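Trainee:
2 protein chains.
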Amino acid sequence: MQTHLDCIPCFLHQSLEAARMATRDEKKHEEVMKKVMNHLQTIDFTHSPPEISQHVHHIIRTVTGNTDPYEKVKLEANQHAKDQYPTLKKMVEQSDEPLLIAAKLAIIGNVIDFGTMNRMNVKDMVDNIAHKPFDDTGYESFKQRVNDAKTIVYLADNTGEIFFDRLLLEQLKDEKRHVTYVVKQYPIINDATADDAAYAGIDAYADIIAGDKDATYSAPGLVLSNMSTELKDLINDADLVISKGQGNYESLSDIDREIFFLLMVKCPLVASNIGIDVGTMVLKVKQ
Amino acid sequence: MQTHLDCIPCFLHQSLEAARMATRDEKKHEEVMKKVMNHLQTIDFTHSPPEISQHVHHIIRTVTGNTDPYEKVKLEANQHAKDQYPTLKKMVEQSDEPLLIAAKLAIIGNVIDFGTMNRMNVKDMVDNIAHKPFDDTGYESFKQRVNDAKTIVYLADNTGEIFFDRLLLEQLKDEKRHVTYVVKQYPIINDATADDAAYAGIDAYADIIAGDKDATYSAPGLVLSNMSTELKDLINDADLVISKGQGNYESLSDIDREIFFLLMVKCPLVASNIGIDVGTMVLKVKQ
Numbered sequence: 001m002q003t004h005l006d007c008i009p010c011f012l013h014q015s016l017e018a019a020r021m022a023t024r025d026e027k028k029h030e031e032v033m034k035k036v037m038n039h040l041q042t043i044d045f046t047h048s049p050p051e052i053s054q055h056v057h058h059i060i061r062t063v064t065g066n067t068d069p070y071e072k073v074k075l076e077a078n079q080h081a082k083d084q085y086p087t088l089k090k091m092v093e094q095s096d097e098p099l100l101i102a103a104k105l106a107i108i109g110n111v112i113d114f115g116t117m118n119r120m121n122v123k124d125m126v127d128n129i130a131h132k133p134f135d136d137t138g139y140e141s142f143k144q145r146v147n148d149a150k151t152i153v154y155l156a157d158n159t160g161e162i163f164f165d166r167l168l169l170e171q172l173k174d175e176k177r178h179v180t181y182v183v184k185q186y187p188i189i190n191d192a193t194a195d196d197a198a199y200a201g202i203d204a205y206a207d208i209i210a211g212d213k214d215a216t217y218s219a220p221g222l223v224l225s226n227m228s229t230e231l232k233d234l235i236n237d238a239d240l241v242i243s244k245g246q247g248n249y250e251s252l253s254d255i256d257r258e259i260f261f262l263l264m265v266k267c268p269l270v271a272s273n274i275g276i277d278v279g280t281m282v283l284k285v286k287q
Numbered sequence: 001m002q003t004h005l006d007c008i009p010c011f012l013h014q015s016l017e018a019a020r021m022a023t024r025d026e027k028k029h030e031e032v033m034k035k036v037m038n039h040l041q042t043i044d045f046t047h048s049p050p051e052i053s054q055h056v057h058h059i060i061r062t063v064t065g066n067t068d069p070y071e072k073v074k075l076e077a078n079q080h081a082k083d084q085y086p087t088l089k090k091m092v093e094q095s096d097e098p099l100l101i102a103a104k105l106a107i108i109g110n111v112i113d114f115g116t117m118n119r120m121n122v123k124d125m126v127d128n129i130a131h132k133p134f135d136d137t138g139y140e141s142f143k144q145r146v147n148d149a150k151t152i153v154y155l156a157d158n159t160g161e162i163f164f165d166r167l168l169l170e171q172l173k174d175e176k177r178h179v180t181y182v183v184k185q186y187p188i189i190n191d192a193t194a195d196d197a198a199y200a201g202i203d204a205y206a207d208i209i210a211g212d213k214d215a216t217y218s219a220p221g222l223v224l225s226n227m228s229t230e231l232k233d234l235i236n237d238a239d240l241v242i243s244k245g246q247g248n249y250e251s252l253s254d255i256d257r258e259i260f261f262l263l264m265v266k267c268p269l270v271a272s273n274i275g276i277d278v279g280t281m282v283l284k285v286k287q
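Chains A and B, in that order, give the protein sequences.
Here our numbering is used: the first residue of the first sequence is 1, the next is one more, and so on.
Here our numbering is used: the first residue of the second sequence is 1, the next is one more, and so on.
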């Protein structure tokens, strides 16, 4: 998915938020904003938003000297989701269709996001899960693929959300099946890293690997140009690829293989690209 | 009121909206965004937001070649408010306290605004006028000043809103009193000009004058450096100055005379500066 002019105010809003999380020095906040504006004048709009974010967040880290501005909100998101997990697990266990409920909860977990301006309420989404808009056009074929798959690659998105992913990974676990859970190697916005995945106990259900290869170009979506060869091969060979979140949708929506995108639509441009309203849970297959 | 770093995404959001209203040429939209970002790297944050807007909108007009991007939305706002006017007038006439109701409606009219990101619903505000948050701390002294005033300067804000202003001007009209209604000389965002004021029939209640002196620096708030000498003298000498809207609040909140600010708080930074929540109607006196 391409970057739009509408992304510019959003990048700057996010830069200011990140700069303020990174340091209290207001001069640094101003320097971040000026340097990001300077950079955004030079960008190629055919690149995806996560590719632009690579450079924006590199500027923020360099100016503030803070390599992980979102550290505190990530810890809070993990702790909060951990507290919710037992209740969510019961919802899945008590359901007649545990795979569907687990998939919907994994999508709801994608509400936990500091990478967009639209902040939704996870509790409200969970409490009203049956009544929230859900584009499940990909579900039947997802169920079929899960049933047949021997190798699954699951591309993770955010901290907190990983506990919701665990619910789905529990449904995917099977003796005959190998699941790889792909996180980010380096901190970027509130995306999950290997430590977060281990904290959520995901290693009991999947191999955890990092998918990006260069810290400088860490992106809030797996960008092909910064993807490890191992991950490229895994994606090529897997029977099923599950991609979580807007960032991965933006960076991978045009690649040449079948992917199941599970995400919460939070941005009007992503909404327009998918053809679905903001606030909708999506389980969509791209051929 | 100073400009904040938070204003930067907002200026860019507004620039894109204005550029799209001004022309369909997407290359021009991109040029506007790049040139505005280039300019915003050089600004002095001690200046008020309307002072920054002067330059931002000058860039938009220059790049797009359109001197009045908001022409269509201004016409629509005027037409819509004209349609509402008879109902609103009845509300004032049937009230036990017509000055208060007229003042509240004049404030609600300030909801009609393309200069902020927060868009509210005028009809909802009017229908629930008694229950909407209203900081009326300045009202008793406003009533007293109106009663005593022989000269009133009324600084207008937006198109559409001017029909709501008319309701208050009808209450201010008195044989012993002279009212000057100050609009913008040149189009800027959706601010009212003399033509709009005439269209709303305001000339029956007040002298209409333009307060700004240079089209290049037309601002969505009366900025001292671009204010006509006539208006400066009028403001100095008036018994009562009524200032409508956020733009005039931002540009005049620090000047050295008593002003009654009537506005709808739409921006979190203005809210913080006044010490009131977003979404509140304000009738506040600054000594």
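C-beta: ideal position from N, C-alpha, C; glycine also.
These numbers were taken from a predicted model, which means no experiment stands behind them.
For the stretch 5-19 of chain B, which residues have a beta carbon sitting closer than 7 Å to at least one beta carbon of chain A?
Mentor: Answer in chain order: Leu5, Asp6, Ile8, Pro9, Leu12, His13, Leu16.
Trainee: Could you tell me which chain B residues have their CB closer than 7 Å to the CB of Leu40 (chain A), listed as they occur along the chain?
Mentor: Those are Met37, listed as they occur along chain B.
Trainee: Under 8 Å between C-beta atoms, does Glu30 (chain B) make it to chain A?
Mentor: So yes, Glu30 (chain B) belongs to the interface.
Trainee: Quick check: Ser218 (chain B) and Lys184 (chain B), are their CB atoms within less than 8 Å of each other?
Mentor: A contact, by the Cβ cut-off of 8 Å.
Trainee: If we count the other Cβ atoms within 10 Å of its Cβ and call it buried at 16 or more, is Arg24 (chain A) buried or exposed?
Mentor: Exposed is the call here.
Trainee: In whole angstroms, what is the alpha-carbon distance linking Lys90 (chain B) and Asn128 (chain B)?
Mentor: Distance between the alpha carbons of Lys90 (chain B) and Asn128 (chain B): 16 Å.
Trainee: Find the nearest neighbour of Asp212 (chain A) within the set A:Asn147, A:Pro50, A:Lys150, A:Pro133, judged by alpha-carbon distance.
Mentor: When each option's Cα is compared against that of Asp212 (chain A), the closest is A:Pro50.
Trainee: Where does Pro133 (chain B) land, buried or exposed, given buried means 16+ other C-beta within 10 angstroms?
Mentor: The residue is exposed, with fewer than 16 neighbouring Cβ atoms inside 10 Å.
Trainee: Would you give the residue range spanned by the alpha helix (DSSP H) that Lys90 (chain B) belongs to?
Mentor: Counting along the chain, the alpha helix (DSSP H) containing Lys90 (chain B) begins and ends at 71-93.
Trainee: Using a Cβ-Cβ distance under 8 Å, would Lys143 (chain B) count as near chain A?
Mentor: Cβ-Cβ to chain A under 8 Å: no for Lys143 (chain B).
Trainee: CA-CA distance, Asn58 (chain A) and Glu31 (chain B)?
Mentor: In the sequence under discussion, the amino acid at residue 58 (chain A) is His, which differs from the Asn named in the question. Roughly 25 Å separates the two Cα atoms.
Trainee: Could one say the Cβ of Glu34 (chain A) lies closer than 8 Å to chain B's Cβ atoms, at least one of them?
Mentor: The residue you asked about is not Glu; residue 34 (chain A) is Lys in the sequence shown. It does; some Cβ of chain B falls within 8 Å.
Trainee: Can you give me the C-alpha to C-alpha distance between Asp233 (chain B) and Asp256 (chain B), rounded to a whole angstrom?
Mentor: Spanning the two alpha carbons is a distance of roughly 13 Å.
Trainee: Would Ser243 (chain B) pass as a contact of Val223 (chain B) if the rule is Cβ separation under 8 Å?
Mentor: Result no, Cβ atoms of Ser243 (chain B) and Val223 (chain B) do not sit closer than 8 Å.
Trainee: Spatial neighbours of Val122 (chain B) within its chain, please: C-beta separation below 7 Å, excluding the five flanking residues on both sides.
Mentor: Cβ within range, chain order: Ile108, Val111, Ile112.
Trainee: Using only the alpha-carbon positions, how far apart do Ala206 (chain B) and Ile60 (chain B) sit?
Mentor: Answer to the nearest angstrom: the Cα atoms are 33 Å apart.
Trainee: What do you get for Asp277 (chain B), buried or exposed, if any count of 16 or more other CB atoms within 10 angstroms of its CB means buried?
Mentor: When all chains shown are included, Asp277 (chain B) counts as exposed.
Trainee: Taking the alpha-carbon of Gln287 (chain B) as reference, which of B:Ile52, B:Ser141, B:Asp6, B:Lys173 has the nearest alpha-carbon?
Mentor: Looking at the Cα atoms, B:Ser141 is the closest of the given residues.
Trainee: So, helix, strand or coil for Thr64 (chain B), using DSSP?
Mentor: Here Thr64 (chain B) sits in helix by DSSP.
Trainee: Grouping DSSP H, G and I as helix and E and B as strand, with all else coil, what is Ala210 (chain B)?
Mentor: Here Ala210 (chain B) sits in strand by DSSP.
Trainee: If you reduce the DSSP assignment to three classes, tell me which class Tyr181 (chain B) lands in.
Mentor: Looking at Tyr181 (chain B) - three-state DSSP - the assignment turns out to be strand.
Trainee: Have a look at the DSSP bridge pairing and note the partners of Ile152 (chain A).
Mentor: Bridge partners of Ile152 (chain A): A:Val179, A:Leu240.
Trainee: Which residues in the same chain as Ser225 (chain B) place their Cβ atom closer than 8 Å to its Cβ, once the five residues preceding and following it in sequence are excluded?
Mentor: Only Glu51, Tyr217 meet the Cβ criterion.
Trainee: Within 10 angstroms of its Cβ, does Thr180 (chain A) collect 16 or more other Cβ (buried), or is it exposed?
Mentor: With 16 or more Cβ atoms within 10 Å of its Cβ, Thr180 (chain A) is classed as buried.
Trainee: For the alpha helix (DSSP H) that contains Val282 (chain B), what are its first and last residues?
Mentor: Unbroken run through Val282 (chain B) is the beta strand (DSSP E), 281-286; no alpha helix (DSSP H).
Trainee: Which partner residues does Phe134 (chain A) have in the DSSP bridge list?
Mentor: Paired residues: A:Met281.
Trainee: Measure the CB-CB distance between Asp239 (chain B) and Lys150 (chain B) and report whether it falls below 8 Å.
Mentor: Taking 8 Å as the Cβ cut-off, Asp239 (chain B) and Lys150 (chain B) qualify as a contacting pair.
Trainee: Distance check for Asn273 (chain B) and Ala271 (chain A), CA to CA, integer angstroms please.
Mentor: Approximately 35 Å, taken between the alpha carbons.
Trainee: Check whether the stretch 150-168 of chain B and the stretch 182-199 of chain B touch, using three or more Cβ-Cβ pairs below 8 Å as the test.
Mentor: As far as the Cβ criterion goes, the stretch 150-168 of chain B touches the stretch 182-199 of chain B, which means the pair count is three or higher.
Trainee: Who does Leu262 (chain A) pair with in a DSSP beta bridge?
Mentor: Paired residues: A:Lys244, A:Leu283.
Trainee: Any idea if Leu9 (chain A) is buried or exposed, counting beta-carbon neighbours within 10 angstroms, 16 or more meaning buried?
Mentor: Note that residue 9 (chain A) corresponds to Pro in the displayed sequence, not to Leu. Buried.
Trainee: Would DSSP call Thr193 (chain A) helix, strand or coil?
Mentor: Note: Thr193 (chain A) maps to strand in three-state DSSP.
Trainee: Give me the Cβ distance between Asp165 (chain A) and Ala106 (chain A), rounded to the nearest whole Å; I'm assuming they're in contact under 8 Å.
Mentor: Confirmed, about 5 Å.
Trainee: Considering only the beta carbon of each residue, do Gln171 (chain B) and Leu269 (chain B) sit closer than 8 Å?
Mentor: The answer is no: Cβ separation not under 8 Å.
Trainee: Just list the residues that DSSP pairs Met227 (chain B) with in beta bridges.
Mentor: DSSP lists B:Asp212 as partners of Met227 (chain B).
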